[in-house]
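In what follows, a structure is listed as structure tokens, so that the remarks can point back to it.
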Amino acid sequence: MNEKEQMYNERVERFVKTVNHEEPDRVPVLSLVETMAIAYAGATIEECLKSHDDEFKIYGKLFEDVYFDGTLGFGLNRAMNVYSALGVNAYFVSEDGTTLQHGEISPMADTEYDDFIENPIRFAKNVLFKRKYPNLNLPYPQNKEAIKNAALGLADFGKKMGDGAAYLKDLAGVPVTAGNYIIAPLDQIFDYFRGFRGTLTDMRRNPDKLLEATDKLVDFCISLATGNAPKLEPFPWVFSPLHIPTFLGPEQFGKFYWPSYKKMLMALNERGAKVFIFMEGLWEPYYEFLQELPDNFAIGNLEKDDPIKVKKILGKKITISGGMPLDKLRYETKEECIDHAKKIIDNCAPGGGFIFSTNLALLSGKDVNIENFKAVNEFVHEYGVYK
Numbered sequence: 001m002n003e004k005e006q007m008y009n010e011r012v013e014r015f016v017k018t019v020n021h022e023e024p025d026r027v028p029v030l031s032l033v034e035t036m037a038i039a040y041a042g043a044t045i046e047e048c049l050k051s052h053d054d055e056f057k058i059y060g061k062l063f064e065d066v067y068f069d070g071t072l073g074f075g076l077n078r079a080m081n082v083y084s085a086l087g088v089n090a091y092f093v094s095e096d097g098t099t100l101q102h103g104e105i106s107p108m109a110d111t112e113y114d115d116f117i118e119n120p121i122r123f124a125k126n127v128l129f130k131r132k133y134p135n136l137n138l139p140y141p142q143n144k145e146a147i148k149n150a151a152l153g154l155a156d157f158g159k160k161m162g163d164g165a166a167y168l169k170d171l172a173g174v175p176v177t178a179g180n181y182i183i184a185p186l187d188q189i190f191d192y193f194r195g196f197r198g199t200l201t202d203m204r205r206n207p208d209k210l211l212e213a214t215d216k217l218v219d220f221c222i223s224l225a226t227g228n229a230p231k232l233e234p235f236p237w238v239f240s241p242l243h244i245p246t247f248l249g250p251e252q253f254g255k256f257y258w259p260s261y262k263k264m265l266m267a268l269n270e271r272g273a274k275v276f277i278f279m280e281g282l283w284e285p286y287y288e289f290l291q292e293l294p295d296n297f298a299i300g301n302l303e304k305d306d307p308i309k310v311k312k313i314l315g316k317k318i319t320i321s322g323g324m325p326l327d328k329l330r331y332e333t334k335e336e337c338i339d340h341a342k343k344i345i346d347n348c349a350p351g352g353g354f355i356f357s358t359n360l361a362l363l364s365g366k367d368v369n370i371e372n373f374k375a376v377n378e379f380v381h382e383y384g385v386y387k
């Protein structure tokens, strides 16, 4: 076993013990770096898209210079070739050349819930996809060629993600902590079909249809997350980005979001998986719902919640990830950042169940002062030792 492989195995064990609320040797430090890595390397998304090898080298530079025990992802996390093959700019490169933006496309009308509920997959494939992806409407055989190129692009993207994880393991001994991902049923409707305004309007005008539609998507969403496998490994985790909850209140969350999402989570737990939940916004109104989850199952990344308070309330239920606000890393001094990290470690690390990370994903080169970032991660690695 070489040095990088040994480091990799030690880091995996660090995360596994932490999520099981055991005390590992050290507090694990998790990277939420996304396209910020491109800016750090002085490169562009266009250069990343030239070849996977170029993309890996560009992303890898940050991991050679900044300490991490693991990373939620590695490389561009959108299959850009799929979207281009289908003729849609759902994701497009920003003017800075290093970040991606999402353009909302909402192809479903509020009068079409009955057709959707009857068979969501058929309706999406035969109606909604044609509205969303222009190249599907080209005459034959151009439309067939678009579908073929999109399928090849998707397969290539999947292979790239696996190859990227192997590259990072060899380069820095750092594991990618997220494997499969899940999208909650209401987020499926919010993200892909009805959009922001449509979904929130439907909660008031078509609540019964919206509830029926989300419930109809549960089995499909579970199959996407599991690949219909009866058993899943506890590591890497299943990644669960949540999008609409931050715009809801407890009553709407409890009615429209939680029932179908909880069914998905329990299905994953029954198969042995662990889930990393990106808790966008302030989640304090939803703590009571998280108490319903099995112990040692979920990792919650905190954006606006106080990690120390969450540790006291939910620390025996879920693993907490977070603690380092990007605005501190960007605007405060190195000493102030380290003092904050020390306070977080002292209060959140005892007993396990705590992963040190930023509160947000890093997208832009200006998101942090890189010297602060390096210093804080190195400090946590050295200071966060369990004795």
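1 is the number of the first residue of the sequence shown in my numbering; add one for each residue after it.
Backbone N, C-alpha and C define an ideal beta-carbon position, used for all residues, glycine too.
request  = Could you check what DSSP says for Asn301 in three-state terms: helix, strand or coil?
outcome  = In the structure shown, the three-state DSSP call for Asn301 is strand.
ask   = With a CB to CB cut of under 6 angstroms and the five nearest residues on each side skipped, what residues in its chain are close to Lys132?
value = Within the same chain, Lys132 has close Cβ partners Ile105 and Pro107.
ask   = For Thr35 versus Thr177, is the C-beta spacing smaller than 8 angstroms?
value = One thing to note: Thr35 has its Cβ no nearer than 8 angstroms to the Cβ of Thr177.
Sub-8 angstroms separation of Thr201 and Phe190 beta-carbons = no
message = At the level of alpha carbons, what is the spacing between Glu303 and Tyr140?
response = 48 angstroms
query = Residue ranges of each beta strand (DSSP E) run of no fewer than 3 residues wholly in the stretch 100-187, ordered along the chain?
reply = 100-102 and 178-181
query = What whole-angstrom Cβ distance do Asn372 and Leu329 have, given they're in contact under 8 angstroms?
reply = 5 angstroms
key: Minimum C-alpha distance to Phe289 - residue among Lys255, Gly351 and Val127   = Lys255
key: Nearest neighbour of Asn119, chosen from Gly75, Thr214 and Pro350 [CA to CA]   = Of Gly75, Thr214 and Pro350, the residue nearest in Cα terms is Thr214.
key: First through last residue of the alpha helix (DSSP H) which encompasses Ile308   = Counting along the chain, the alpha helix (DSSP H) containing Ile308 begins and ends at Pro307 to Leu314.
query = Taking the alpha-carbon positions, what's the Gly281 to Ala43 distance?
reply = 31 angstroms
key: Extent of the continuous alpha helix (DSSP H) to which Val368 belongs   = Counting along the chain, Val368 falls outside any alpha helix (DSSP H), and DSSP gives it neither H nor E.
key: Every unbroken alpha helix (DSSP H) within the stretch 244-297, with a cutoff of 4 residues, ordered by chain   = 258-270 and 287-290
inquiry  = Need the endpoints of the alpha helix (DSSP H) that Val33 sits in, please.
reply    = Segment: none, Val33 is in no alpha helix (DSSP H) and carries neither H nor E.
Sequence-distant residues of the same chain with beta carbon closer than 6 angstroms to Asn135, five excluded per side = Leu86, Gly87 and Ala146
request  = Would you grab the beta carbon distance between Pro185 and Tyr261 for me? Rounded to a whole angstrom, and I think it's under 8 angstroms.
outcome  = 7 angstroms
request  = Just the C-alpha distance for Ser51 and Gly153, rounded to the nearest angstrom, thanks.
outcome  = 13 angstroms
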